[in-house]
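Asker: Handing you a structure now.
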Amino acid sequence: MLDFYLLDDDENAPGYPEEAGITIVGSIDFETFERLKAKKIIPERFDYHSDFRWDTVLIQQIRNNIQEHMLNDSDVEPLLQLLDIAKAHGSGLMAFAD
Numbered sequence: 006m007l008d009f010y011l012l013d014d015d016e017n018a019p020g021y022p023e024e025a026g027i028t029i030v031g032s033i034d035f036e037t038f039e040r041l042k043a044k045k046i047i048p049e050r051f052d053y054h055s056d057f058r059w060d061t062v063l064i065q066q067i068r069n070n071i072q073e074h075m076l077n078d079s080d081v082e083p084l085l086q087l088l089d090i091a092k093a094h095g096s097g098l099m100a101f102a103d
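Per my numbering, the very first residue in the sequence shown carries number 6; after that it's consecutive.
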C-alpha cells in the first residue's frame, strides 16, 4: 500500500513518517494508483514504489483533473477522500511506499 500523510507545504519531508509524527490519512493500493495514472488523474511522474510529496497547488491540480462524470468512479473515490482531507487541513500530502 501507498500510505498518505498530512504534511504542510513549508515542512521538510521526513525520511519516514514516524520521524516527524505526521498523521496518516489513507492509503491507495497499486492497482488503483496505476489506473488513476492511466486515466490521467495522477501525473505520470509519480511512482507507486517511491516516496513523493504533493503540495497544495498540485493537490488542487489533481482535483481539477477529475471530471464530474468520474466522481462515482471506484478508483477516484479513495483519492478524493485523501484530497479533501488535505484541503480541509490546508495541507499537502506525503506518500510513503511500504
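We treat Cβ as the ideally placed atom computed from N, Cα and C, and that holds for glycine.
#1: Taking the alpha carbon of Thr-37 as the reference point, which residue from Ala-18, Asp-103, Gly-26, Tyr-53 has its own alpha carbon closest?
#2: Is DSSP giving Ile-67 helix, strand or coil here?
#3: For Glu-16, which residues from the same chain have a beta carbon less than 7 Å from its beta carbon, with the 5 sequence-adjacent residues on both sides left out?
#4: Alpha carbons only, please: which of Asp-103, Phe-35, Leu-84, Ala-18 is nearest the one belonging to Ile-64?
#5: So who's on the other strand from Asp-8, going by DSSP bridges?
#6: If you draw a straight line from the alpha carbon of Met-6 to that of Phe-57, how long is it in whole angstroms?
#7: From Arg-40 to Asn-70, what does the alpha carbon distance come to, in whole angstroms?
#8: At which residues does the beta strand (DSSP E) containing Arg-58 begin and terminate?
Answerer: Result, derived from the coordinates:
#1: Nearest in C-alpha terms to Thr-37, of all of Ala-18, Asp-103, Gly-26, Tyr-53, is Tyr-53.
#2: Under the three-state reduction of DSSP, Ile-67 is assigned to helix.
#3: Setting aside the 5 residues that flank it on each side, Glu-16 has no residue in the same chain whose C-beta is closer than 7 Å to its C-beta.
#4: Looking only at Asp-103, Phe-35, Leu-84, Ala-18, the smallest Cα-Cα distance to Ile-64 is reached by Leu-84.
#5: Under DSSP, Asp-8 forms a beta bridge with Ser-32, Phe-101.
#6: C-alpha of Met-6 to C-alpha of Phe-57: approximately 14 Å in a straight line.
#7: For the pair Arg-40 and Asn-70, the Cα-to-Cα distance works out to about 14 Å.
#8: Following the DSSP letters along the chain, one finds Arg-58 inside the beta strand (DSSP E) bounded by residues 57–59.
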